[in-house]
Each structure stands twice: as C-alpha cells, then as structure tokens.
Amino acid sequence: MAPVQTAPLKFGVFLPPQNVVGLNPTLAIRRTIELAEHLDQLGFDEIWFGEHHSGGAELVASPELLIAAAAERTKRIRLGTGVISLPYHSPFQVAQRIVQLTHMTGGRVMFGAGPGQLPTDARMMGMDAMLLRPRMEESLDVILRLLAGETVSAKTDWFALDDAVLQLRPYGDLEVSVVGTVSPSGPKLAGRYGLGLLSLAATDPTGNDQLPRHWDIVQEESARRGLSVAKDRWRLAGPMHVAETVEKAIANCEYGLNWQYKYFSHISPSAIDVPDTTEGTAELLNSTQRAVIGTPDMASAQIERLLARTGGFGTYLFQGADFAGWRETLRSYEIFAEEVMPRFNGHLAPVLSSYQHVIDETEESKAATAAARVQAEAQWKRERETPLPS
C-alpha cells in the first residue's frame, strides 16, 4: 500500500469539457451535468466548467448555465467557472451572473477567471489575441470592485460603466481564482488581489518547472499589498485515467487518448509528438510524468511528487478529457475516490491505525476471546445445575 499523506487535500475535476469530436453533442453536454452528480455522490469536493467557442471538442459556451443545471442535481459539491473568459464579456454582466449563482447555489459557486484559451475564439469576436491578458486584468479589477459593493465608473476601449453598482451582494463568501499556466500573469493577479490560483499546467514539464516560482510571485505580490494567500487556495491540475491495472487503463484509453493529444498539438505550444499507438502515448505520458494512465498507486505517486515539488497545496484537480469511454471514465473516478482520495484527505489514517492496532494485538486478542468462551461455558453449566424456583 502506498504511504498515507496526512496533510488534508481536497479533490475535484477541471472540465473544459473536452469530448472526442463525433460524439453526439447533445449527449455530451448532458453527460457533463451527470458527471457533476456522479462526483457529488463519490465525495469529490468540486467541479469546474470551462468556456469555449470553437474547435468542436469543447462544446460549452456558458459555464454559468451548466452550474445552474448541476446545482439542482447535486447536494454538496462546489461548482466553479473554469473559467469565464473575461475579455469576451461585459465585467458588469459577469459580476451580476456570478452573484445570482451564489444565491441559486446557496453559496456553492466559485468564480474562476481567465483570458481565454483558443485564439480562434478571439478572432471570431474581432479581438487581437495579444490583447486578451491586458483586457482580462482591466475586467477583473472592475469585477472585484463590484463584488465588494463599490459603485464603479470606468471607460476603456472595449467597455464603459457609469455609476454601476450591483443590486445584490454575494451569498456568503465568494471564492475567486485566476488561471496560471507558464507565464507570471496569473500568479501576479492572484497575489495582487489576494485570490486563489488555478495551476492548469502543473504536470506539464514546463509548467511544473514554474510551480515554485509562481508561488513565490503570489507571495511577493500579496506581501507588497499587505494581503495574504494561503496555500489551501492553490489548485494543481493534471490528466489521469485510473483502472485496476496499467494494462486495463491503457486498453480503456484506446477510445480517445491519442485523439486528445493530437487535438492538443493544434492549440498548445508545449504539446507532445504523439506516438502512433495508445500504448506508446501512455508510456510517454507516464515516463515524463505529464499524466497518469495506470493504477491508484501511480496516481498517488503523482500527487506525492506534486506535494514535494510545491511544499504543499490545497486541491488536486483531474483535467477532464475523454481519454476513455463514458462508463470507463465514470469507473476511473470511482476507483480514485475509493483508493486514492482517502490517502490524502486524512480519512484513511485513523482506519489504518485502528487496523494495525488489531493486528499488533493478535495473540492477546485471541487469548482474551478464548478465555471469555471458557467462562461463558462454565457460566452456562452452573445455570443448568441450579434448580429453578417453584
């Protein structure tokens, strides 16, 4: 059995969602909501829904709509926008929709913000991709002021507000996080405003190299402004598919592993050269620690490496993609919840301690049980020989 991590981690899924093109799109969207329900029942802490507008693989244009639907079918799991692409929306409208969701979900919603991933999305909206990060920063500043209850007037080259104020305040404490991959822009904003950080390239070699630096940036920026960002607000994401054996995991991933990484090669500058076979791709991903296609012990080892690399963080997020078919994907999450999560969230340690205590006391326990049996037999003999009263 892999060692038990006593530091309490939380677990979730960061879901674009990313489907193999050719799957019934209506069914794919419905399954996203069903997955939220499944994860809620398994005890996952959170799920994040993405926003994309092109490519055919990431079909959700509005994470807010998915959250509204999933909230009605779940009880405790937290629901995040992963993420809203701020340059594509009026900051006032984003703030209003998030606040409404906090009331609709009883405070379970989380607000994740980013600049937008796909250059094709930006081009269709007539935007220069180089302007996405600066516009995200402009929007985020206004949104945070609105969420704090300020009346905001602002004018930029792409939006204007005139004494704008929200008519509702958030239900409870709204958690806000920003995306960080390789560049320092996400960690800078997390520190500047005291926000959480979503490190979505945590197991990519380039992104993994940046993890310690990114957290240093968060701490430096927050300290300059008299703020503090705790490590439990740092989320690290990485791809996984878990099965009972490595061979079964690879067989499951015949469905979509190679397709997914070939798709990534069109949108990511750090994409791999995809081997011809699923076995080759899985071997490459496992050997470079970019992903885990294997067993619960392999998944645990990946999380241990991330803990060692960072010195600790708050939540591990699966990067949700259709590596395997629907049933096999659901089973992967089940195995992870059964065998991996309790090793890191503190639930398994007392169970193992109690089990070991029984094992260590084997001879004493057996002797005590045998003596009790002898005593019971003697007691019964005495009771049989005692005359009953008239």
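Per the working numbering, the very first residue in the sequence shown carries number 276; after that it's consecutive.
Quick reminder that beta carbons are idealized off the backbone N, C-alpha and C, glycines included.
Predicted model, so just to flag it, every value in this text is computed and none were measured.
Beta-carbon proximity check, T356 vs D315, cutoff 7 Å: Working through the sequence shown from its first residue, we reach residue 356 at position 81. Working through the sequence shown from its first residue, we reach residue 315 at position 40. No, they are not a contact pair.
Residue from D396, E333, M379, R383 whose Cα sits closest to the Cα of L361: Position 86 of the sequence shown holds residue 361. Nearest C-alpha to L361: D396.
Residue-chain proximity (S665, chain C), Cβ-Cβ < 7 Å: The structure shown contains no chain C; it is built from a single protein chain.
Of the listed residues S414, M616, T590, L419, nearest to S575 (C-alpha basis): Counting from 1 along the sequence shown, the entry for residue 575 is found at position 300. Residue M616 is the option with its Cα nearest to S575.
Extent of the continuous beta strand (DSSP E) run through L436: Residue numbering aside, residue 436 sits at position 161 when the sequence shown is read from its first letter. DSSP places L436 in the uninterrupted beta strand (DSSP E) bounded by 435-439.
Terminal residues of the beta strand (DSSP E) in which E321 lies: Walking along the sequence shown from the start, residue 321 turns up at place 46. Unbroken beta strand (DSSP E) run through E321: 321-324.
Element boundaries [alpha helix (DSSP H), containing M411]: What you label residue 411 is simply residue 136 of the sequence shown in a count that begins at 1. Per DSSP, M411 is one residue of the alpha helix (DSSP H) stretching across 407-422.
Whole-number beta carbon distance between T431 and V440, since they are thought to touch under 8 Å: Here residue 440 refers to the residue found at position 165 when the sequence shown is read from its first residue. Here residue 431 refers to the residue found at position 156 when the sequence shown is read from its first residue. Not really, about 18 Å apart at Cβ, beyond 8 Å.
Supposed contact pair S503 and G455 - C-beta distance, whole angstroms, cut 8 Å: If you number the sequence shown from 1, residue 455 lands on position 180. If you number the sequence shown from 1, residue 503 lands on position 228. Not really, about 18 Å apart at Cβ, beyond 8 Å.
Alpha-carbon spacing of S543 relative to P394, whole angstroms: For the purposes of this step, residue 543 is taken as the residue at position 268 of the sequence shown. For the purposes of this step, residue 394 is taken as the residue at position 119 of the sequence shown. Approximately 11 Å, taken between the alpha carbons.
Residues bridged to S474 [DSSP beta-bridge criterion]: In the sequence shown, residue 474 corresponds to position 199, counting from 1. DSSP, once it has assigned bridges, lists G455, L511 as partnering S474.
Paired residues, beta bridge with R353 - DSSP: Translated into the one-based positions of the sequence shown, residue 353 becomes position 78. DSSP, once it has assigned bridges, lists E321 as partnering R353.
Span of the beta strand (DSSP E) around S428: Counting from one through the sequence shown, the residue named residue 428 turns up at place 153. Where S428 is concerned, the enclosing beta strand (DSSP E) stretches over 427-430.
Counted within 10 angstroms of its Cβ, other Cβ atoms place S337 as buried (16 or more) or exposed: Residue 337 sits at position 62 when you count from the first residue of the sequence shown. In summary, S337 is exposed, with fewer than 16 beta-carbon neighbours lying within 10 Å of its beta-carbon over all protein chains present.
Collapsed DSSP secondary structure at L670 in the structure displayed: Nothing can be reported for residue 670: it is not among the residues displayed for the chain, which extend from 276 to 665.
Exposure label - M276; buried when at least 16 CB within 10 Å: Your numbering for residue 276 matches position 1 in the sequence shown. Any reading at M276 must be qualified, since the residue scores a pLDDT of 44, below 50, and its modelled position is unreliable; the value itself is stated next. Around the beta carbon of M276, fewer than 16 other beta carbons lie within 10 angstroms, which makes this residue exposed.
Anticipated Cβ contact below 8 Å, V549 with T556, distance rounded: Taking the first residue of the sequence shown as 1, we reach residue 549 at position 274. Taking the first residue of the sequence shown as 1, we reach residue 556 at position 281. The C-beta distance from V549 to T556 rounds to 6 Å, short enough to meet the 8 Å contact threshold.
Sequence-distant residues of the same chain with beta carbon closer than 6 Å to T585, five excluded per side: One-based indexing of the sequence shown puts residue 585 at position 310. In chain order, L486 place their CB closer than 6 Å to the CB of T585, counting only its own chain and leaving out the 5 sequence neighbours on each side.
Buried or exposed (CB count within 10 angstroms, at least 16 for buried), I634: For this step, residue 634 is matched to residue 359 along the sequence shown. For I634, the number of other beta carbons within 10 angstroms of its own is below 16, and it is reported as exposed.
Nearest neighbour of A345, chosen from T307, A596, D320 [CA to CA]: If you number the sequence shown from 1, residue 345 lands on position 70. When T307, A596, D320 are compared, the shortest CA-CA separation from A345 is found for T307.
Presumed contact (8 Å Cβ cut-off) between D230 and G513, rounded CB distance: The shown model of the chain, from 276 to 665, leaves out residue 230, and the question about it has no answer.
According to DSSP, residues forming a beta bridge with G387: In the sequence shown, the residue the question calls residue 387 occupies position 112. Answer by DSSP bridge pairing, in chain order: S452.
Sufficient close CB pairs (3 or more, under 8 Å) joining the stretch 610-626 to the stretch 288-297: Under the 8 Å Cβ criterion, the stretch 610-626 does not count as touching the stretch 288-297, having fewer than three qualifying pairs.
Chain-order list of residues whose beta-carbon lies under 7 Å from that of Q293 (same chain, five-residue window excluded): Position 18 of the sequence shown, counted from the first residue, corresponds to residue 293. The answer, listed in chain order, is A332, E333, Q535, G595, A596, D597.
Contacts around T377, its chain only, beta-carbon distance under 7 Å, and the 5 residues preceding and following it disregarded: Working through the sequence shown from its first residue, we reach residue 377 at position 102. Once the five neighbours on either side are set aside, the close Cβ partners of T377 are V384, P445, Y446, G447, L449.
M276 (DSSP reduced to helix, strand or coil): By 1-based counting over the sequence shown, the position of residue 276 is 1. Low confidence applies to M276: its pLDDT is 44, below 50, so where it sits in the model is not reliable enough to give any reading.
Beta strand (DSSP E) segment containing Q673, residue limits: Beyond the ends of the chain as shown, which are 276 and 665, falls residue 673; an answer cannot be given.
V335 beta carbon less than 7 Å from that of A388: Residue mapping note: residue 388 aligns to position 113 of the sequence shown, counting from 1. Residue mapping note: residue 335 aligns to position 60 of the sequence shown, counting from 1. The beta carbons of A388 and V335 sit no closer together than 7 Å.
Outcome for Y363 when other beta-carbon atoms lying within 10 angstroms are tallied against a minimum of 16: Here residue 363 refers to the residue found at position 88 of the sequence shown. Buried, because 16 or more other Cβ atoms sit within 10 Å of the Cβ of Y363.
Three-state class that DSSP yields for K285 in the structure shown: Mapped onto the sequence shown, residue 285 falls at position 10. Strand at K285.
Beta-carbon proximity list for S607, same chain, < 7 Å, skipping 5 on both sides: As a working mapping, residue 607 is identified with position 332 in the sequence shown. Within the same chain, S607 has close Cβ partners H516, V517, A518, A599.
Nearest-angstrom Cβ-Cβ length linking N527 and E603, presumed shorter than 8 Å: Walking along the sequence shown from the start, residue 527 turns up at place 252. Walking along the sequence shown from the start, residue 603 turns up at place 328. Here N527 really is in contact with E603; their C-beta atoms are around 4 Å apart, less than 8 Å.
Beta-carbon contacts of Q375 that lie in its chain and below 8 Å, excluding the five residues immediately before and after: Counting from 1 along the sequence shown, the entry for residue 375 is found at position 100. Once the five neighbours on either side are set aside, the close Cβ partners of Q375 are L443.
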